[in-house]
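For reference, the structure discussed in these notes is given below.
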Amino acid sequence: MSTDWVPKPTVGAVPQRVERYGFSPVSLPTKPDYAKDPRVIELGERLMKEVLKGNGRDLPDPWARRYAWRNHPFYSPVNVLRNAFPGLGIAVVAFGIYLGLEAAGITSSDKAQHH
Numbered sequence: 098m099s100t101d102w103v104p105k106p107t108v109g110a111v112p113q114r115v116e117r118y119g120f121s122p123v124s125l126p127t128k129p130d131y132a133k134d135p136r137v138i139e140l141g142e143r144l145m146k147e148v149l150k151g152n153g154r155d156l157p158d159p160w161a162r163r164y165a166w167r168n169h170p171f172y173s174p175v176n177v178l179r180n181a182f183p184g185l186g187i188a189v190v191a192f193g194i195y196l197g198l199e200a201a202g203i204t205s206s207d208k209a210q211h212h
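Residue numbers for the sequence shown, in this note's numbering: 98 to 212.
Here it is, written out as structure tokens:
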């Protein structure tokens, strides 16, 4: 079997074994590649535009779809932290109101009901 059709690895790509039937695994760029090759940034921007348009599932390569969704703004660290505790803000406000009422002496507990 001839291997002339096998693509040469790009800068920073990890050598991968060639699969059967002429398909080879896709190697995605690493962080140092962004500084070396501006085309990588263009690829990321194009993938992001596809995802934001709703066409992310139309990308032919499943790894490119995964790469595009991983960089979606919804999955940014700020949004992940904001959505990690959905009721925390309401709970803090309610507890603050409770402490304020307790400090003001406005409570619903009756001292005569203690055993």
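Note that the Cβ used here is the ideal one computed from N, Cα and C, for glycine as well. Bear in mind the structure is a predicted one, so any value in this text is a computation, not a measurement.
Give the straight-line distance between the Cα atoms of residue i and residue j, rounded to the nearest whole angstrom.
| i | j | result |
| --- | --- | --- |
| residue 171 | residue 182 | 16 Å |
| residue 184 | residue 198 | 21 Å |
| residue 112 | residue 189 | Residue placement at residue 112 is poorly supported in this model, since its pLDDT is 48, which falls under 50; the coordinates still yield a value, given next. Between residue 112 and residue 189, the C-alpha separation is close to 52 Å. |
| residue 191 | residue 146 | 41 Å |
| residue 176 | residue 169 | 11 Å |
| residue 143 | residue 196 | 52 Å |
| residue 179 | residue 186 | 10 Å |
In chain order, what residues of the same chain have a beta carbon less than 8 Å from the beta carbon of residue i, not counting five sequence neighbours either side?
| i | result |
| --- | --- |
| residue 174 | none |
Can you find the residues in the same chain that come closer than 7 Å, C-beta to C-beta, to residue i, ignoring five residues on each side of it along the sequence?
| i | result |
| --- | --- |
| residue 204 | 198 |
| residue 87 | Past the boundaries of the shown model lies residue 87; the chain is included only from 98 to 212, so the question cannot be answered. |
| residue 92 | Beyond the ends of the chain as shown, which are 98 and 212, falls residue 92; an answer cannot be given. |
So, at 6 Å on beta carbons, what are the nonlocal neighbours of residue i in its own chain, with the 5 sequence-adjacent residues on each side left out?
| i | result |
| --- | --- |
| residue 139 | none |
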